[in-house]
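Chemist: Residue numbers (my numbering), protein chains in the order written: chain D, 19 to 168; chain G, 19 to 168.
Okay, here's the structure, questions in a sec.
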DNA sequence: CCTCCAAATAGGAACGTTCTTATTTACTAC
DNA sequence: GTAGTAAATAAGAACGTTCCTATTTGGAGG
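Now the structure itself:
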């Protein structure tokens, strides 16, 4: 997803385009790897020194809610990372070592993983979590426009 | 898993049995639903009023590391819940509403979900995360005893 | 161009969780 | 039993993230 597409989507949902918001989006699309909030904050401060960390978080979460990026925690309660959605690849699978915390990102999708990938990584699997995000029936009606927000 | 089995496992891994630890385990196995850390803390303080929250967290994380319970966050960065492993059901699947935050625990396993469950819940799915926990090849060697710890 | 209002912001407080440090305690071997 | 040692503890500081409040600002409509 390009910077322009993201800005268009924000506008379409009825949110405003602020200089801080632009700078945050720019930091995200130009990052080499999914940054943590502080990376984005540091980057944005180069241009706007008074931007608050809260503003960064608010915008990262907004972008996640409208489906422009995915937010994920590699290990339980480590810092969150924020990755702009390229193509339409909503899946995000990780193979995480409980010993050292190292995470391997898996490019393949769910079902393939079970058959191929897991066998070949040499990991000893002790558990997994699979969570699905969406809108429940009663929220679905209110979701089309900005009402999807909390 | 019973209280006795858990204590045996702790001993087998070379960790010590303290009164606080016993009380924490007891609070976990007698809870009706997976508690958050504060629930456990409140419960344990009835017996040992000076137990610190840190001690509760340290023990909950230890129990997760040795595979006696699962720790999970329903929505991104909500509080963690801690569930004693009954049977050998390592799977933990949730259907989470991005609108209201309500979570439905799914009893069925991964593959079934795709075919049956998702269709019938009336949720509009916008994404999911699937994370696998285990030990990487280089950690596997050091895992048999307490070296599996950080 | 002005006005107006919802949305966005900065700053700091609050929350959940982990870390640090100094002290105490459970187990082991004598 | 006693001594020695690694592990566990309490207390509070620190960290990542969210919330609260008062102020400012983007953009729609006159």
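In this text, a Cβ means the ideal position worked out from N, Cα and C, and glycines have one as well.
With distances taken between CB atoms, is the gap from residue 46(G) to residue 53(G) smaller than 9 Å?
Modeler: Position 28 of the second chain, counted from the first residue, corresponds to residue 46(G). Position 35 of the second chain, counted from the first residue, corresponds to residue 53(G). Going by C-beta atoms, residue 46(G) is nearer than 9 Å to residue 53(G).
Chemist: Where does residue 25(D) fall in DSSP's three states?
Modeler: In the first chain, the residue the question calls residue 25(D) occupies position 7. If DSSP states are grouped into helix, strand and coil, residue 25(D) belongs with the helices.
Chemist: Could you name the residues of the same chain whose beta carbon sits closer than 6 Å to that of residue 78(G), not counting the 5 residues immediately before and after it, in chain order?
Modeler: Within the second chain, the letter at position 60 stands for residue 78(G). 100.
Chemist: Could you tell me how far apart the beta carbons of residue 42(G) and residue 35(G) are, in whole angstroms, since I believe they sit closer than 8 Å?
Modeler: Residue 42(G) sits at position 24 when you count from the first residue of the second chain. Residue 35(G) sits at position 17 when you count from the first residue of the second chain. Not confirmed; about 11 Å, so no contact.
Chemist: So, at 8 Å on beta carbons, what are the nonlocal neighbours of residue 71(D) in its own chain, with the 5 sequence-adjacent residues on each side left out?
Modeler: The residue you call residue 71(D) lines up with position 53 of the first chain. Closer than 8 Å at Cβ, skipping near neighbours: 55, 56, 59.
Chemist: Quick one: residues in its chain with C-beta nearer than 8 Å to the C-beta of residue 62(D), no 5 flanking neighbours on either side, listed in chain order?
Modeler: Translated into positions along the first chain, residue 62(D) becomes position 44. Taken in chain order, the residues that qualify are 38, 41, 42, 45, 69, 74.
Chemist: Rounded to the nearest angstrom, what separates residue 29(D) and residue 102(D) at their Cα positions?
Modeler: One-based indexing of the first chain puts residue 29(D) at position 11. One-based indexing of the first chain puts residue 102(D) at position 84. Rounded to whole angstroms, residue 29(D) to residue 102(D) spans 17 Å at the Cα level.
Chemist: So residue 31(G) and residue 86(G) are in contact, right, with Cβ under 8 Å, and what is the actual spacing, rounded?
Modeler: Along the second chain, one-based indexing puts residue 31(G) at 13. Along the second chain, one-based indexing puts residue 86(G) at 68. Your pair residue 31(G) and residue 86(G) does not check out as a contact, with CB atoms roughly 10 Å apart and the cut at 8 Å.
Chemist: For residue 50(D) and residue 67(G), I'd like the C-alpha separation in whole angstroms.
Modeler: Counted from its first residue, the first chain places residue 50(D) at position 32. Counted from its first residue, the second chain places residue 67(G) at position 49. Those two C-alpha atoms are separated by around 50 Å.
Chemist: Does residue 65(D) come out as helix, strand or coil in the three-state DSSP assignment?
Modeler: Against the first chain, residue 65(D) aligns to sequence position 47. Under the three-state reduction of DSSP, residue 65(D) is assigned to helix.
Chemist: Quick one: residues in its chain with C-beta nearer than 6 Å to the C-beta of residue 81(D), no 5 flanking neighbours on either side, listed in chain order?
Modeler: Counting from 1 along the first chain, the entry for residue 81(D) is found at position 63. 87, listed in sequence order.
Chemist: Taking DSSP as the reference, what is the three-state secondary structure of residue 42(G)?
Modeler: For the purposes of this step, residue 42(G) is identified with residue 24 of the second chain, where counting begins at 1. In the structure shown, residue 42(G) sits in a helix (DSSP, three-state: H, G or I).
Chemist: At what residues does the beta strand (DSSP E) containing residue 192(G) begin and finish?
Modeler: Residue 192(G) cannot be examined here, being either before or after the span of chain G that is shown, 19 to 168.
Chemist: Could you please give me the residues that DSSP links to residue 89(D) through a beta bridge?
Modeler: The residue labelled residue 89(D) in the question sits at position 71 within the first chain. Looking at the DSSP assignment, residue 89(D) forms a beta bridge with 100(D).
Chemist: Just the C-alpha distance for residue 48(G) and residue 65(G), rounded to the nearest angstrom, thanks.
Modeler: Position 30 of the second chain holds residue 48(G). Position 47 of the second chain holds residue 65(G). Distance between the alpha carbons of residue 48(G) and residue 65(G) is about 15 Å.
Chemist: Output needed for residue 20(G): all residues of its chain with C-beta closer than 8 Å, excluding positions within five of it in sequence on either side, in chain order.
Modeler: In the second chain, residue 20(G) corresponds to position 2, counting from 1. For residue 20(G), where only same-chain residues beyond five positions count, the Cβ hits under 8 Å are 47.
Chemist: Tell me residue 54(G)'s beta-bridge partners as DSSP assigns them.
Modeler: Reading the second chain from its first residue, position 36 is the one you call residue 54(G). Partner(s): 99(G).
Chemist: How big is the Cα-Cα spacing for residue 83(D) and residue 23(G)?
Modeler: For the purposes of this step, residue 83(D) is identified with residue 65 of the first chain, where counting begins at 1. For the purposes of this step, residue 23(G) is identified with residue 5 of the second chain, where counting begins at 1. Approximately 43 Å between the Cα atoms of the pair.
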